[in-house]
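Okay, so the sequence shown: first residue is 552 according to this note's numbering, each after it adds one. Written below as structure tokens is the structure these notes are about.
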Amino acid sequence: MKTKHAITLLVLGYCLDLIGAFQKLMHHPQAGTIFIVAACLKVLGALLFFYKLLTYPKFKDFFNW
């Protein structure tokens, strides 16, 4: 999985979070479910992004100064 996929998951999670907030303001019954899905996507995207960041070869050279 590439880094752009992790960033896409993060952005999709934030977009769903915004949609869920608007639906929560309008008292729709499925707004809580959208918040849960958005939170899962944000966590998954963040974990994948940090995994890709830590396994990048030049990242290890940064700490060896």
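Glycine included, every Cβ here is placed at the ideal spot set by N, Cα and C.
Host alpha helix (DSSP H) of Y607 (start-end): Taken as a continuous stretch (DSSP letters only), Y607 belongs to no alpha helix (DSSP H), as it is neither H nor E.
K609 versus Q581 - alpha carbon distance: 44 Å
Backbone secondary structure at K553 - three-state DSSP: coil
C-beta atoms of K593 and G564 nearer than 7 Å: yes
Cβ neighbour criterion (16 or more within 10 Å) applied to I587: exposed
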